[in-house]
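**Q** Quick one: the structure is below, questions incoming.
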Amino acid sequence: MTIITAPFKVAYWSTTMLCFAMVGSVKYAMRMQKGFRKWRQKVKPTHGDADFASDKVLKDGGHFDAEGWLVGVVERPGRFLSWRKRRKRVFTAREACAIGMAPRRTGKTQTAIAQLLELAGRKAKPDVLIVDPAGDIQIATQAAYEAAGYRVIVLNFIDPRGSETYDPLSYLRPYKFYDFDRQIDHLCQLIMPDDATTRETHFQEFARILLAGTMAYLMKDRQDDATLFRAVELLTTDSKARNAMFTDMRKSPDPIVRQAVNAFDEAGDKERGSFSTTMTRKLKVWLRQSVKALTATGEVDPQGAIIRGWTWENIYLADTPTAIYIRTGLGTDEGAAARLMLGNAINTRRYMFNEGMTKFKRDLRILVDEAVTIGNCQAIIDATNELGKAGVRVMLWYLSTRDVFQTFPNAKTLINNCDIFIFGGGKEMDAYEDFSRMIGEFTVESRSHSTGKHGDSQSANEQARRRAKADELRRQEFYELTAIISNFAVKLRKPFNVHGPEPVYYHKS
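Written out as structure tokens, the structure is:
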């Protein structure tokens with residue numbers, strides 16, 4: 001290298017190195033861009049990537065915020081002492097309704113108690129309606145609601161002595177010209193719902209038409225005799241009194257009243273016998289003395305008109321939140337009375353919303369333990385379908401999905417619009433199989449290795465596996481539960497512990 005060529009060689013190598021650096025930078029940038037794009041636009045595995053929700057997913061979805069129904073808790077090791085568990089409560093979305101599928105002796109009632117204790121401790125206190133057939137929920141939670149400033153109403157059909165009363169006809173407003181007939185239909189649908197498996201629906205429809213006409217007649221023309229007990233008594237126990245009433249009903253200006261008598265007149269003797277049998281079967285519970293005592297105040301004003309007592313509208317407009325316990329007993333027909341009362345609560349909320357009250361003072365929370373006892377309740381379907389805007393949130397506890405399908409003609413609609421809590425310990429494998437499919441599948445890679453005379457060979461193929469198989473859901477431990485919330489599934493611990501003499505509930509943050 002001479003003094004003349006040296007500068008040229010330095011320039012040459014500098015330029016070459018600069019070009020290599022530029023090419024390397026471009027390649028690196030392209031690689032980074034490709035990797036970033038791949039990270040942003042993940043290619044989903046062939047058979048899916050279902051997984052249980054992480055804490056981040058729950059937090060981003062607001063499921064650590066106490067707004068919906070309490071589902072359970074996630075447990076994590078302590079930050080400093082790993083053996084001390086950190087618990088975070090997990091909730092449904094605020095407007096969500098939920099169904100719990102829990103076989104007996106798996107902690108269903110304890111979970112319901114934890115849910116209600118959590119509601120009592122909230123700053124924004126809802127009105128709460130609790131259907132408690134056995135009465136154990138009331139024992140565990142009433143003191144908490146009283147301490148939280150709630151007005152507590154107990155309707156006890158097992159022992160009406162000392163119980164408060166509720167007149168279901170207080171839902172009706174005869175002075176509402178354009179709405180009264182609709183309210184009559186709602187009430188009759190609750191008193192005499194359709195059977196889920198019947199093929200003779202016209203018998204039930206005829207019975208409802210007669211009941212609707214009778215109640216409309218009593219409310220408008222004989223208000224001093226207008227009770228549910230009296231309406232059923234006239235229709236099913238005294239044919240002479242019924243025929244005399246029908247004679248008067250034929251003169252009524254109300255087409256609903258005349259329609260009922262006309263339907264009775266047009267029916268043949270054989271059909272009347274079937275209709276009468278259907279009415280007697282459906283309405284017999286309303287003649288029981290305990291039901292009679294709790295569904296009428298027994299009071300009249302100085303003009304002789306019946307005093308109906310409190311209404312659901314009074315509850316919703318009051319400044320103080322209210323907790324109402326309905327105890328019907330297990331294995332009795334009084335669940336029909338609970339159905340009528342919670343149906344009136346939901347339907348009152350609906351007509352208030354339709355009449356312009358789009359914002360209520362408080363949400364309405366309805367929890368039904370042993371929900372099979374209330375039977376087919378169309379108001380429950382309406383609440384899960386369309387009354388989220390009116391602040392109605394429902395929690396139903398069943399022993400099995402079969403109970404749901406045997407109760408509701410449109411059970412799939414109910415399940416589709418609810419979050420689902422799944423407890424182990426059941427034997428209903430087809431239900432666990434359905435839940436397993438809901439949770440989804442993920443992709444696993446199956447590898448194989450073989451050795452031959454030409455050497456070793458390896459292969460791999462992708463297969464689908466359920467994130468939670470049906471038998472895995474069935475074999476969940478006592479304190480485990482799986483919940484399908486919104487569009488994901490989550491594994492949780494139940495919100496209580498019964499290792500000590502008294503259960504410990506994880507309802508507080």
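Residue 191 in UniProt numbering sits at position 191 of the sequence shown, with consecutive numbering throughout. Backbone N, C-alpha and C fix where the C-beta goes; we use that ideal spot for every residue, glycine too.
#1: Of all the options G424, Y171, M429, F435, which has the alpha carbon lying nearest to the alpha carbon of N416?
#2: Report yes or no: do the stretch 140-160 and the stretch 324-331 share at least 3 C-beta pairs separated by less than 8 Å?
#3: Specify, as a first and last residue, the run of the alpha helix (DSSP H) that residue 513 falls within.
#4: With a CB to CB cut of under 8 Å and the five nearest residues on each side skipped, what residues in its chain are close to D369?
#5: Can you give, in chain order, each stretch of the alpha helix (DSSP H) that sits fully within the stretch 200-250 and has at least 4 residues?
#6: Rounding to the nearest angstrom, what Cα-Cα distance links G62 and A483 in this structure?
#7: Closer than 7 Å to a non-hydrogen atom of the ligand PLP - does that hold for the CB of M30?
#8: May I ask you to report which of helix, strand or coil DSSP gives P255?
#9: Considering only C-alpha positions, which residue in the set T236, P321, L481 is nearest to V128?
#10: Report the rounded CA-to-CA distance for P279 versus A260, giving the unit in angstroms.
#11: If you drop the 5 nearest sequence neighbours on each side, which residues of the same chain put their C-beta closer than 7 Å to that of E164?
#12: Given 8 Å as the limit, is there contact between the stretch 229-238 and the stretch 206-220, that is, 3 or more CB pairs closer than that?
#13: Where P7 and L18 are concerned, what is the direct C-alpha to C-alpha distance, given to the nearest angstrom?
#14: Would you grab the beta carbon distance between C377 and R339 for me? Rounded to a whole angstrom, and I think it's under 8 Å.
#15: Please report the residue range of the alpha helix (DSSP H) in which V404 lies.
#16: Measuring straight from C-alpha to C-alpha, what distance separates T15 and Q33?
#17: Just the C-alpha distance for G500 and E118, rounded to the nearest angstrom, thanks.
#18: My output table needs one value for W69: the three-state DSSP class, helix, strand or coil.
#19: Determine the extent of the beta strand (DSSP E) in which V291 is found, giving its start and end residues.
#20: Identify the residues that DSSP records as bridge partners of A464: which are they?
#21: Mark E386 as exposed unless 16 or more other C-beta atoms lie within 10 angstroms of its C-beta, in which case mark it buried.
#22: Between which two residues does the alpha helix (DSSP H) carrying Y398 extend?
#23: Going by DSSP, name the residue or residues bridged to A98.
#24: Taking the CB atoms as reference points, tell me whether G425 and T92 lie closer together than 8 Å.
#25: For R362, which residues in the same chain have their Cβ closer than 7 Å to its Cβ, ignoring the five residues on either side in sequence?
#26: Suppose you measure from the CA of A470 to the CA of M438; what does that come to, to the nearest Å?
#27: Between the alpha carbons of Y316 and T247, how many angstroms are there, rounded?
#28: Excluding five sequence neighbours on each side, which residues of the same chain lie with their C-beta closer than 6 Å to the C-beta of A120?
#29: In the DSSP output, which residue or residues are listed as bridge partners for N314?
#30: How far does the alpha helix (DSSP H) with D181 in it extend, from its first residue to its last?
#31: So N156 is in the beta strand (DSSP E); what residue range does that whole segment cover?
#32: Measuring alpha carbon to alpha carbon, tell me which of V392, H507, M341 ends up nearest L228.
#33: Excluding the 5 residues flanking H186 on each side, which residues of the same chain have their C-beta closer than 6 Å to its C-beta?
#34: For Q115, tell me which candidate among V71, T5, M245 has the shortest Cα-Cα distance.
#35: What distance in whole Å lies between the Cβ atoms of L473 and Y505, which are believed to be in contact at a cut-off of 8 Å?
#36: Relative to the C-alpha of F423, which candidate in K56, R208, E480, T214 has its C-alpha closest?
**A** Taking the geometry as given:
#1: The count along the sequence shown starts at 1 and reaches residue 416 at position 416. Minimum Cα distance to N416 is reached at F435.
#2: yes
#3: Missing from the structure shown is residue 513; the chain here goes from 1 to 509 and no further.
#4: If you number the sequence shown from 1, residue 369 lands on position 369. So the qualifying residues of the chain are K108, T109, A112, I130, V131, D132, P133, A134, I137, W397.
#5: 201-221, 228-236, 239-249
#6: As a working note, residue 62 is residue 62 in the sequence shown. As a working note, residue 483 is residue 483 in the sequence shown. Spanning the two alpha carbons is a distance of roughly 16 Å.
#7: By its list of ligands, the structure shown contains no ligand whatsoever, and the ligand PLP lies outside what it can speak to.
#8: For the purposes of this step, residue 255 is taken as the residue at position 255 of the sequence shown. In the three-state scheme derived from DSSP, where H, G and I count as helix and E and B as strand, P255 is classed as helix.
#9: Indexing the sequence shown from 1 puts residue 128 at position 128. Answer by Cα proximity: P321.
#10: Here residue 279 is taken as the residue at index 279 of the sequence shown, counted from 1. Here residue 260 is taken as the residue at index 260 of the sequence shown, counted from 1. For the sequence presented, residue 279 should be read as Met rather than Pro. Cα-Cα distance, rounded: 14 Å.
#11: The residue given as residue 164 occupies position 164 in the sequence shown. Taken in chain order, the residues that qualify are I153, V154, L155.
#12: Touching, yes.
#13: By one-based count along the sequence shown, residue 7 stands at place 7. By one-based count along the sequence shown, residue 18 stands at place 18. Taking the straight line joining both Cα atoms gives about 16 Å.
#14: The count along the sequence shown starts at 1 and reaches residue 377 at position 377. The count along the sequence shown starts at 1 and reaches residue 339 at position 339. That pair is a contact at about 5 Å.
#15: Within the sequence shown, the letter at position 404 stands for residue 404. Start and end: 401-407.
#16: Locating residue 15 in the sequence shown gives position 15, where the first residue counts as 1. Locating residue 33 in the sequence shown gives position 33, where the first residue counts as 1. Going from the Cα of T15 to the Cα of Q33 covers about 27 Å.
#17: Translated into positions along the sequence shown, residue 500 becomes position 500. Translated into positions along the sequence shown, residue 118 becomes position 118. Their Cα atoms are separated by approximately 21 Å.
#18: Taking the sequence shown and counting its residues from 1, the one referred to as residue 69 is at position 69. In this structure, W69 counts as coil in the three-state DSSP scheme.
#19: Along the sequence shown, one-based indexing puts residue 291 at 291. Run containing V291: none in the beta strand (DSSP E); it sits in the alpha helix (DSSP H), 289-294.
#20: Mapped onto the sequence shown, residue 464 falls at position 464. DSSP lists T443 as partners of A464.
#21: Taking the first residue of the sequence shown as position 1, residue 386 is located at position 386. E386 counts as exposed, since fewer than 16 other beta carbons sit within 10 angstroms of its beta carbon.
#22: As a first step, residue 398 must be located in the sequence shown, where it is residue number 398. Segment 392-398 is the beta strand (DSSP E) holding Y398; no alpha helix (DSSP H) there.
#23: As a working note, residue 98 is residue 98 in the sequence shown. The partner list for A98 (beta bridge, DSSP) reads M395, D419.
#24: Indexing the sequence shown from 1 puts residue 425 at position 425. Indexing the sequence shown from 1 puts residue 92 at position 92. No.
#25: As a first step, residue 362 is located in the sequence shown; it is residue number 362 there, counting from the start. Once the five neighbours on either side are set aside, the close Cβ partners of R362 are K125, P126, D127, P321.
#26: To locate residue 470, count along the sequence shown from 1; it is residue 470. To locate residue 438, count along the sequence shown from 1; it is residue 438. About 11 Å.
#27: For this step, residue 316 is matched to residue 316 along the sequence shown. For this step, residue 247 is matched to residue 247 along the sequence shown. If you take the alpha carbons of Y316 and T247, they lie about 40 Å apart.
#28: For the purposes of this step, residue 120 is identified with residue 120 of the sequence shown, where counting begins at 1. Closer than 6 Å at the Cβ level, and outside the excluded window around A120, lie A144, Y145, A148.
#29: The sequence position of residue 314 within the sequence shown is 314, counting from 1. According to DSSP, N314 bridges with nothing at all.
#30: Your numbering for residue 181 matches position 181 in the sequence shown. Counting along the chain, the alpha helix (DSSP H) containing D181 begins and ends at 180-191.
#31: As a first step, residue 156 is located in the sequence shown; it is residue number 156 there, counting from the start. From DSSP, the beta strand (DSSP E) with N156 extends over 151-156.
#32: In the sequence shown, residue 228 corresponds to position 228, counting from 1. Comparing Cα positions, the closest option is M341.
#33: Taking the sequence shown and counting its residues from 1, the one referred to as residue 186 is at position 186. Excluding five sequence positions before and after H186, the CB atoms of its chain that fall closer than 6 Å to its own CB belong to N347, given in chain order.
#34: For the purposes of this step, residue 115 is taken as residue 115 along the sequence shown, with counting starting at 1. Answer by Cα proximity: V71.
#35: Indexing the sequence shown from 1 puts residue 505 at position 505. Indexing the sequence shown from 1 puts residue 473 at position 473. 24 Å between Cβ atoms; not a contact.
#36: By 1-based counting over the sequence shown, the position of residue 423 is 423. Answer by Cα proximity: E480.
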